[in-house]
Amino acid sequence: MSTTTEHVEHAEAEAHGHDAHSSHKSTGYYVKVALILAAFTALETTTYWWPKSAHTLAMVTLFSMMAIKFVMVVSLFMHLKFDNKIFSWLFYSGLVLAVLVYCAFLACFQFFSS
Amino acid sequence: MADIAVHAPDTGDHGHDDHGGHDDHGAHHTSTGLSNNKMAMWMFLGSECLLFGGLISTYMLYRGRHSENLGPDQIYDIPFTSVSSFVLLMSSLTMVLAVSAAAQDDDRNTNLWLTVTALLGATFVGGQVYEFTAFYQEGLGFTTSLFSSSFYTLTGFHGVHVTVGVIMLLATVGMVRRNRIPGQKSEVVELVGLYWHFVDVVWIIIFTLVYLIPS
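Just so you know, the sequences run in chain order A and B.
Following my numbering, the numbering of the first sequence begins with 1 at its first residue and continues without gaps.
Following my numbering, the numbering of the second sequence begins with 1001 at its first residue and continues without gaps.
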């Protein structure tokens, strides 16, 4: 009987893509993530004072840090990594649509060529 | 058997459930087996990407349209904005701790972390008000240039989102304290948390694209 109950609970957790025990991590885990995010922010800020000769490197650093921070907050703090994939689709479809639409918009104004 | 338990059709008897649409294992009696509230929140956040995408694109387009001495390079105070960014980032940490405490039915810590998050959010908004005041005193009004209009619109919209988030946090604290939250408490805190983290994520992009990339 208990085996059946466990099986049902496991199936429910799988169907939700959401395991209550794995989605909520310890306080230490979240503090570590926040410290990494803070370190990335500090690194980003320093690029403001980098010499102009390092412009390309600063750009690569800024865009990389921005993307990593974005994915970390969305995946770990918003639990998208541990949640049902439908939520990821809903959010990322909006995000991708926005990026495509506004890249096209900016291209119409010759933003990238100038 | 498990399949039947998981995908049981919505019989419309939510009112008989003490947890407001959830069974004892946290499952939802919906056609998808997922929380409709949570799905609606993620759809809302997806649509918000389009709103902020438009504002950011407009700013990027007009950031060079300003007078000689009132452009991004002259007026931005990067150390100050970095501290503001750090404050908002730390509010995401306190928010996730509130969500974690709510999942463990720990009302005391839920309220504590929600209050700290609201205070950090209010600090960020205060910083933005200070920044806007300083810019205005330097001569950068809303209609001074296309740059100033797009800058104030973008950062102002974000500031309004943070303010709404602070109000949501304080309202949640009051409702948790009075035990007035309908349905599952942890889900309500999680939904507020999703909104709050999104506001933080938008600032991550604004901070890089608006403040740090040289014009």
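Beta carbons are placed, not taken as given, at the ideal position from N, Cα and C, and that holds for glycine.
- Between Tyr102 (chain A) and the set B:Leu1140, B:Val1176, B:Leu1112, B:Cys1049, the nearest pair of CA atoms involves B:Cys1049.
- Annotated as distal: Thr1144 (chain B) and Ile1206 (chain B), with beta-carbon spacing of 8 Å or more.
- Three or more beta-carbon pairs drawn from the segment 1040-1059 of chain B and the segment 76-93 of chain A are found closer than 8 Å, and the two stretches are therefore classed as touching.
- Residue burial is scored here from C-beta neighbours: Asn1179 (chain B) has fewer than 16 other C-beta atoms within 10 angstroms and is therefore classed as exposed.
- Of all residues in the segment 1068-1097 of chain B, only Ile1078, Ser1082, Ser1085, Phe1086, Leu1089, Met1090, Ser1092, Leu1093, Val1096, Leu1097 place a beta-carbon less than 7 Å from a beta-carbon of chain A.
- With respect to chain A, the C-beta atom of Thr1110 (chain B) has no partner C-beta closer than 8 Å.
- Boundaries of the alpha helix (DSSP H) harbouring Pro1072 (chain B): 1072-1075, taken from the DSSP string.
- Straight through space, the alpha carbons of Trp1196 (chain B) and Gln1128 (chain B) are spaced by roughly 17 Å.
- Think of a sphere of 7 Å around the beta carbon of Ile1167 (chain B): no beta carbon from chain A falls inside it, the nearest being about 20 Å out.
- Judged by DSSP in its simplified three-state form, Gly1156 (chain B) adopts helix.
- At a Cβ-Cβ threshold of 8 Å, Gly1121 (chain B) and Ser1091 (chain B) count as neighbours.
- Membership of Asp1107 (chain B) in the alpha helix (DSSP H) is indicated by the continuous run 1107-1137.
- Nearest in C-alpha terms to Thr1032 (chain B), of all of A:Ser53, A:Ile86, A:Gln110, A:Val74, is A:Ile86.
- When the five nearest sequence neighbours on each side are left out, the beta carbons in the same chain lying within less than 8 Å of the beta carbon of Val1166 (chain B) are those of Ala1118, Gly1121, Ala1122, Val1125, in order along the chain.
- Using a 10 angstroms sphere on the CB of Phe1147 (chain B), the tally of other CB atoms reaches 16 or more, which defines it as buried.
- His1066 (chain B) has a beta carbon lying at 8 Å or more from every beta carbon in chain A.
- In the structure shown, Pro51 (chain A) falls within a coil segment according to DSSP collapsed to helix, strand and coil.
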